[in-house]
Amino acid sequence: MSNYVWNKVICDKDILEKYFIDYNPFGDGNLLDKPYITFNKLFDIKTLDEYATKLGVHIYYGDGFSYKRLENNKYEILFCTKWKYPIAAIKKALTLSHNIEWYAVEENCIYVSKFYWNNGIKENVMVIDDGYEKWLDNNIDFSDNLEDYDHDIWYYLQTSDKMWVNWESNDDFKRYEDSVVKISFPFINSL
-8 MSNYVWNKVI CDKDILEKYF IDYNPFGDGN LLDKPYITFN KLFDIKTLDE YATKLGVHIY
52 YGDGFSYKRL ENNKYEILFC TKWKYPIAAI KKALTLSHNI EWYAVEENCI YVSKFYWNNG
112 IKENVMVIDD GYEKWLDNNI DFSDNLEDYD HDIWYYLQTS DKMWVNWESN DDFKRYEDSV
172 VKISFPFINS L
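In the working numbering, the protein residues as written are -8 to 182.
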């Protein structure tokens, strides 16, 4: 099982504010000066503990987060979760808004997932190969200075010409409900 999964969400400002920004993440009525990023509003729940009880998985946000406006009037949200892909949140967000792109990469950096809506939830993957290692060698100082919630893979992808490959799911992405180590990668041989 991977220890950390880095996430990057691209969405509209209204989606950011309506579903991700949370000034009361603990459900105690005490509003924070600076918000958290949570999935509470996606599922109409009040607390992080209620999320764990309802969805059977605890989401860790301890490494911080950021969000910023992009040039195309979209927003980029960066955060890191612990132990598992937040697959329930990914599916819920894409169901609520078909304009979201949700990227995820585990700390073992085998592949990057891109979840999006196209007549249903789809996942494209890009296998990470030696090109990433070479890029990292040339950008190690940059990488070392990133915040914990950020990942250098997002910057590598801007320079990569590798192709994204669709990875079908016929079981509602159950491959992400258990340890990601048990996943077989049928797409690797086709690249």
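Ideal placement from N, C-alpha and C gives every residue a C-beta, glycine not left out.
- Spanning the alpha carbons of Lys113 and Phe164 requires a straight line of approximately 9 angstroms.
- For Leu148, no beta strand (DSSP E) encloses it; the enclosing alpha helix (DSSP H) starts and ends at Ile144 to Leu148.
- A distance of 9 angstroms or more separates the beta carbons of Tyr94 and Gly122.
- For Leu87, the closest C-alpha among the options Leu22, Val96, Tyr107 and Lys73 is that of Tyr107.
- Excluding residues up to 5 positions away in sequence, Leu22 lie with their Cβ nearer than 6 angstroms to the Cβ of Asn15 in the same chain.
- By the Cβ test, the segment 151 to 158 is not in contact with the segment 2 to 14, since fewer than three Cβ pairs between them sit closer than 8 angstroms.
- The alpha helix (DSSP H) runs lying completely inside the segment 90 to 154 and spanning 4 residues or more are 121 to 129, 131 to 135 and 144 to 148, given in chain order.
- When rounded, the separation of the alpha-carbon atoms in Asp162 and Glu98 is 25 angstroms.
- Here Leu137 has Asp143 as same chain residues with Cβ atoms under 8 angstroms from its own Cβ, once five neighbours each way along the sequence are excluded.
- Annotation for Tyr42: the continuous alpha helix (DSSP H) segment containing it runs Leu39 to Leu46.
- DSSP, reduced to helix, strand and coil, places Leu85 within a helical segment of the structure shown.
- Cβ neighbours of Glu92 within its own chain (closer than 7 angstroms, five residues either side excluded): Ile1, Lys105 and Tyr107.
- Rounded to the nearest whole angstrom, the CA to CA distance from Lys(-1) to Asp132 is 21 angstroms.
- With a cutoff of 9 angstroms on beta-carbon distance, Lys4 and Asn63 are scored as not near each other.
- According to the DSSP secondary-structure assignment, Asp13 is paired through a beta bridge with Tyr27.
- Between Ala80 and Leu33, the gap from beta carbon to beta carbon is short of 9 angstroms.
- Ile68 sits in a strand when the DSSP states are folded into three classes.
- With fewer than 16 other CB atoms across the displayed protein chains lying within 10 angstroms of its CB, Asn157 is exposed.
- For the options Gln149, Phe70, Gly20 and Leu61, the alpha carbon positioned closest to that of Thr29 is the one of Phe70.
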